[in-house]
Each structure stands twice: as C-alpha cells, then as structure tokens.
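All remarks here apply to the structure that follows.
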Amino acid sequence: MQQTETKSLFVALIGRPNVGKSSLLNRLVGEKVAIVTSKPQTTRTRITGILTRGAVQYVFLDTPGIHRPRTRLGERMTKAAVQSIAEVDVAVMLFEPYGELTQAEQGLLDDVRAKKVPAIAAVNKTDTLKKEADFAARAEFLRSLELFDDVLALSVREDKGCEELLEKLAQYAVPSPHYFPDDAYTDMPEKALVAECVREKMLLHLREEIPHGTAVTVERFKERPGGELIDIDINIYCEKKSHKGIIIGKGGQTLKKIASEARAECEEFLGARVNLQCWVKIKDDWRDNDFLLNNFGFQK
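Sequential numbering of the sequence shown, starting at 65, is according to this note's numbering.
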C-alpha cells in the first residue's frame, strides 16, 4: 500500500491588536492555545498552534498585534510579529470590516511586500457588517493594494469562513515530514500555558493598564507521586506598590478570584488536580528593563 505524501506549511497570523488573531488560532486548532480578551495587546509573544488534517500539517504562528511601541517590551512584541513574516510559507493578515488602515498596518503591509511572502487578507467580524455591500467594498479596497492572493470573509465568533480559509491555505503546503506529532495542538510548554492562563484572568478582572504592567512566571511546577496532583507556584510581577494592592484586592479577594479561575482551567488542560499558589511582587519599570525582560522570557 502506497503511503500518502505528507505536507506541511507555516502560517503567520498578523494584524492590528484585537482584530481576532488569537480567537482565529483557537478556532482553527480546535483547542485553547492563545488567551483571548477584548483588550488590545493581549498576545505578547509568538504562540504556535498546530492542526494536522490527513497528509497536511498546519503550523500557525499567532503574533502580537502591531502597534506603536512605547516600551522596550512593546519593541520586542513588534519585532516578534515582523520576524514571523520572514519565516513562513504564507501570511494571513486580518482586518476590521470598517475604518482606515492604521500607520502600523501600513508598516506591516510594507514588511509583507518587502519579504515577498505570499499573503491572504481575511476580513474578520463580518457578523458586525451593517450591509453585505460593505464587505464587497472592503474586499475591493484590499485587492487594490495588489498584495494579497485572495480576500476572504471571516466571522470567528460564528465560525464562518474558517473551513474555506483552511482550504485556501492548503494550497501553500509543501512536501515535507510533519514537524510535530499528528495529535499535537501546540508546542508551548505546559509552564507557558499556565502562565498565560493566569495572565488572561488578570486581563479579565483588572482595569486595562494594570495587567499590561504585569509579568507572570512559573517558579515551581511539580507533579506529586502518581501524577494526580500538580503543585504550581506563580509569581506575578507588577510595576507599582499601588498596583500590587489592586491585584490582591480587599481581603485578597481579587487575587483569590484570579487564582481560582486559572486553577480550574489549568486542571482542564493538564488533566490533573492543581494546587495553585500565586504571589504578587514589585519590579519597578520592568517593561523597560532588558535584564528583566530576558529573565521573563521575552525574546530580544
């Protein structure tokens, strides 16, 4: 019996903050790989999602949203997104249905053009269109840029257009072995998934600027004998004493809520009971400190 030739392709998901890249990644992979909130700049590093469909293995890179960096952390986030473009077989750039392109989006278009990477435009949030003709107008504008091989309509929220996107992307696959096990959905270590889970709960429960000024590190991740219980110690670093008080909350209630929700989600994807302990510490201006950024795992 002749074996089917395997193929793979690497896909960068790029675009402005909060355009739906992480939601699309999770939808395509079928698992929660990237944290999702309504707040911009939720994704800080490059996150890999993996989907294997028969002979084809898709490797998706969910990148931080392109924005004008105001800190060294912001510079590293922008660099991670731009570097991803050069390393893939195809880029999918997500757009809002309405509005002028931002200066950052214009810069991203220039990067795609300069690196000569095949690209597809995807207009997300089509469930918010006021009338059908508005998508046609948006698609015509994106085609006029003479950069994209195709322009697709997407509604990640309603799971519309995702299968069509996968079919289009499969055309860019190249013969090669699969780089990951066929049942894998991410290459992120369990520690990184736990840290991202805690950070998501902070984004959901704290006012906007505070979670952006925090970093989460896993100090201990240890399975007890038998593997039915995992002890996890988390450090949450913030920039100001006042922020520490807000994160902890009155009587420790806010931190307790964050830890409780994170623990429940961690137990689900780790498949074991979790003893999660969180501590809040102050590191002044860590977002502009190269030594701390390196320690916290942000690539330079």
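Virtual Cβ for every residue (Gly too), placed ideally from N, Cα, C.
Treat the numbers as computed from the prediction; the structure is a model and nothing was measured.
Can at least three beta-carbon pairs, one atom from the stretch 226-237 and one from the stretch 188-207, be found at a separation below 8 Å? no
Three-state secondary structure (DSSP) of Gln66: Counting from one through the sequence shown, the residue named residue 66 turns up at place 2. For Gln66, the pLDDT reaches just 42, beneath the cut-off of 50, and the residue's location in the model is therefore unreliable, although a value from the coordinates is still provided. Coil at Gln66, not helix or strand.
Whole-angstrom distance between Ile312 and His242, CA atom to CA atom: As a first step, residue 242 is located in the sequence shown; it is residue number 178 there, counting from the start. As a first step, residue 312 is located in the sequence shown; it is residue number 248 there, counting from the start. So the two alpha carbons sit approximately 45 Å from each other.
Out of curiosity, what's the CA-to-CA distance linking Leu158 and Glu283? As a first step, residue 158 is located in the sequence shown; it is residue number 94 there, counting from the start. As a first step, residue 283 is located in the sequence shown; it is residue number 219 there, counting from the start. Their backbone Cα atoms lie some 36 Å apart in a straight line.
Determine which residues share a DSSP beta bridge with Ala183 and list them. Within the sequence shown, residue 183 is the residue found at index 119, counting from 1. Bridge partners of Ala183: Ala155.
Rounded separation between Gln167 and Gly315 - CA only: Walking along the sequence shown from the start, residue 167 turns up at place 103. Walking along the sequence shown from the start, residue 315 turns up at place 251. Going from the Cα of Gln167 to the Cα of Gly315 covers about 44 Å.
Any contact between the stretch 211-222 and the stretch 249-265? By contact I mean 3 or more CB pairs, one from each, below 8 Å. no
With a threshold of 6 Å on Cβ separation, who are the neighbours of Arg327 within its own chain once the five nearest residues in sequence on each side are excluded? As a position in the sequence shown, residue 327 is number 263, starting the count at 1. Taken in chain order, the residues that qualify are Val338, Leu340.
CA-CA distance, Gly277 and Asp297? Here residue 277 is taken as the residue at index 213 of the sequence shown, counted from 1. Here residue 297 is taken as the residue at index 233 of the sequence shown, counted from 1. Approximately 20 Å, taken between the alpha carbons.
Spatially closest choice to Val154 from Asn299, Pro245, Arg288, Ile78, by CA coordinates: Locating residue 154 in the sequence shown gives position 90, where the first residue counts as 1. Checking every option, the nearest Cα to that of Val154 belongs to Ile78.
Got a sec? Which residues, its chain only, sit under 7 Å from Glu329 by beta carbon, not counting five neighbours each side? Position 265 of the sequence shown, counting from 1, holds the residue named residue 329. The residues are Cys261.
Got a sec, what are the start and stop residues for the alpha helix (DSSP H) Gly309 sits in? Position 245 of the sequence shown, counted from the start, is the residue given in the question as residue 309. Note, Gly309: alpha helix (DSSP H), 305-312.
Is Gly315 helix, strand or coil when you go by DSSP? Within the sequence shown, residue 315 is the residue found at index 251, counting from 1. Helix.
CB contact flag (Arg263, Val238, <8 Å): Start at 1 with the first residue of the sequence shown, and residue 263 comes out as number 199. Start at 1 with the first residue of the sequence shown, and residue 238 comes out as number 174. Result no, Cβ atoms of Arg263 and Val238 do not sit closer than 8 Å.
Integer-rounded CB distance, given that Gln121 should sit under 8 Å from Ile365: Since the first residue of the chain shown is 65 and the last is 364, residue 365 is not available in this structure.
Backbone CA spacing between Val215 and Phe199 [nearest angstrom]: Residue 215 sits at position 151 when you count from the first residue of the sequence shown. Residue 199 sits at position 135 when you count from the first residue of the sequence shown. Their Cα atoms are separated by approximately 10 Å.
Distance check for Glu151 and Leu73, CA to CA, integer angstroms please. For this step, residue 73 is matched to residue 9 along the sequence shown. For this step, residue 151 is matched to residue 87 along the sequence shown. Rounded to the nearest angstrom, the two C-alpha atoms are 11 Å apart.
Neighbourhood of Ala323 by C-beta distance below 7 Å, restricted to the same chain and skipping five residues each side: The count along the sequence shown starts at 1 and reaches residue 323 at position 259. Contacts found: Leu340, Cys342.
Straight-line Cα distance separating Lys304 from Glu204: Within the sequence shown, the letter at position 140 stands for residue 204. Within the sequence shown, the letter at position 240 stands for residue 304. Taking the straight line from one Cα to the other gives about 48 Å.
Kindly indicate which residue of Lys286, Thr116, Phe212 has the alpha-carbon position closest to the one of Pro245. Position 181 of the sequence shown, counting from 1, holds the residue named residue 245. The shortest C-alpha separation from Pro245 is found at Thr116.
Judging by CA-CA distance, which residue of Val75, Ile300, Asp295 is the nearest neighbour of Leu125? Counting from 1 along the sequence shown, the entry for residue 125 is found at position 61. Nearest C-alpha to Leu125: Val75.
In the DSSP assignment, find the unbroken beta strand (DSSP E) run with Ala279 in it and report its ends. Here residue 279 is taken as the residue at index 215 of the sequence shown, counted from 1. First-last of the beta strand (DSSP E) with Ala279: 279-287.
Beta-carbon within less than 7 Å of Phe265's beta-carbon, same chain only, minus the 5 sequence neighbours each way: which residues are those? Stepping through the sequence shown from its first residue, residue 265 is reached at position 201. This sequence places Lys at residue 265; Phe is not what is there. Closer than 7 Å at Cβ, skipping near neighbours: Ile322, Glu325, Ala326.
Short check: CB of Ala234 to CB of Phe212, under 8 Å? Here residue 234 corresponds to residue number 170 of the sequence shown, with the count starting at 1. Here residue 212 corresponds to residue number 148 of the sequence shown, with the count starting at 1. Their beta carbons are not under 8 Å apart, which means Ala234 does not touch Phe212 by this criterion.
Give me, in chain order, the residues of the same chain whose beta-carbon lies closer than 8 Å to that of Ala336; leave out the 5 immediate sequence neighbours on both sides. Reading the sequence shown from its first residue, position 272 is the one you call residue 336. Around Ala336: Glu287, Gly291, Glu292, Leu293, Ile294.
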